[in-house]
Amino acid sequence: MKVASEPRLLDRVRTACRIRHLSYKTEQAYVGWARRLALHHRDHAGRPRHPATLSEADVAAFLAHLAETRRVAASTQNQALNALIFLYDAALGQPLGDLGDFPRARRPRRLPLVLARPEVERLLAAMDGTPAVVASLLYGSGLRLMEGLRLRVKDLDFAMRQLTVRDGKGGRDRVTVLPDGLHDQLREQLDHVKCVHAGDLAEGLGAVELPYALARKYPNAPREPGWQYVFPSTTRSTDPRTGRVGRHHLSESVVQKRVRRAVREAGISKPASCHTLRHSFATHLLERGHDIRTVQELLGHASVRTTQLYTHVLNRGGLGVRSPLDP
């Protein structure tokens, strides 16, 4: 099949993703893997082959190429496998059969990186503005970065001292703690949100993106204060799916860059990131004696085995075992 048909194929992948309410990042990843598969297998004239003309052995050969030649991480190969299964099943209507025993990328067993409490204090002290509030929330509530940035005003419950994470990893909702020490900063942030939202409404905008079909079911909801993002972007943008101009949440790169800079300024030698704050949240709760099942629920882990990784961190060094060299 000619390369000219490729855009139609990618459009089918995009449509399949949107019908199933997959995130925009997932849509971009799946489209990218469909394109890479076509570019990897070429005909005698050197033209990319349409995935519909490929066999299970061709797909397995591409996955083996990722592991053996490209030496990608196990998570990357798994993402490619999921994307290609989705491509053939949802977009092409030709479910893949048995792919055989193709080489798998090795998944190294690593312990989560955790900061000591003084290191967390130095890191947060080196930050300011909205990124500092976001980073404090990641550590204080155990959130993933995108979970924090996607928070809506209605998800904060100051009276109950809790916040609700909507549509987290695996499509699950959960409730976690809202730190008392962040109440004042978050109330100031919500005042800022009101001002920004009022300005957008005055210019005929102010409609935020709602999940699934809620915007059709509740036409006025996108402009209501409760649905606004707690951490709105400083600029307006155009939605790549609908083409509507609006205000999205703060970009994750803004927080990531600021955390990396704060790590350097705080003199922390560990390669800490935003996710390190979530790891530190879990470890420090276990350190305080909280039940592992409680920590599992706060983190939103589907299995307690994932949460148990943090107990291995506790059993290292001065946190769990005293060296025989020490008196």
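Count along the sequence shown starting at 1, add 11, and that's the number in the numbering used here. Quick reminder that beta carbons are idealized off the backbone N, C-alpha and C, glycines included.
Gly278 and Lys165 closer than 8 Å at C-beta: no
Start-to-end residues for the beta strand (DSSP E) that takes in Val324: Premise fails: Val324 lies in the alpha helix (DSSP H), 320-325, not in any beta strand (DSSP E).
State the Cα-Cα distance for the pair Ala136 and Leu189, rounded to the nearest angstrom. 19 Å
Look up Gly329 in the DSSP assignment and say whether it is helix, strand or coil. Its pLDDT being 48, under 50, Gly329 is placed unreliably in this model, and the value from its coordinates should be taken loosely. Reduced to three states, the DSSP call for Gly329 is helix.
Which runs of the alpha helix (DSSP H), 4 residues or longer, sit entirely within the region 93-151? 128-136
Between Asp112 and the rest of its own chain, which residues show a CB-CB distance below 8 Å, the 5 nearest in sequence each way excluded? none
Of the residues Thr322, His295, His312, Cys206, the one placed nearest Pro129, counting alpha carbons only: Of Thr322, His295, His312, Cys206, the residue nearest in Cα terms is His295.
Suppose the cutoff is 8 Å on Cβ atoms and the five residues either side in sequence are ignored; what does the same chain contact list for Glu67 look like? For Glu67, where only same-chain residues beyond five positions count, the Cβ hits under 8 Å are Leu107, Gly108, Asp109, Leu110, Gly111.
Whole runs of the alpha helix (DSSP H) within the region 150-226, excluding any shorter than 4 residues: 156-160, 194-213
Suppose contacts are defined by Cβ-Cβ distances below 8 Å. Is Leu154 in contact with Arg289 by that definition? yes
Jot down the residue ranges of each uninterrupted alpha helix (DSSP H) in the region 267-301, minimum 4 residues, whole runs only, in chain order. 285-298
Is the region 29-43 touching the region 77-85 in the sense that three or more CB pairs, one from each, lie closer than 8 Å? no
Pick from Pro62, Glu132, Gln90 that is closest to Gln105, judged by C-alpha positions: Pro62
Are Thr287 and Leu122 touching if we call contact CB-CB under 8 Å? no
Out of Gly179, Asp69, Leu77, which has the shortest C-alpha to C-alpha gap to Gly311? Gly179
Do the region 246-260 and the region 217-230 make contact, defined as three or more Cβ pairs closer than 8 Å? yes
Where in the region 44-91 do unbroken runs of the beta strand (DSSP E), each at least 3 residues long, occur, reported from the N-terminal end onward? none
Three-pair Cβ contact test at 8 Å for the region 190-201 versus the region 64-81: no
Check whether the region 202-214 and the region 238-248 touch, using three or more Cβ-Cβ pairs below 8 Å as the test. yes
Same chain, Cβ closer than 7 Å to Ser291, neighbours up to 5 away in sequence not counted: Cβ neighbours of Ser291 beyond the five flanking positions: Val125, Leu126, Val131, Tyr150.
Quick one: Cα of Tyr321 to Cα of Ser248, how far? 39 Å
Would you kindly report the start and end of the unbroken alpha helix (DSSP H) that includes Val306? Here the alpha helix (DSSP H) through Val306 covers 303-310.
Suppose you measure from the CA of His51 to the CA of Gly215; what does that come to, to the nearest Å? Their backbone Cα atoms lie some 47 Å apart in a straight line.
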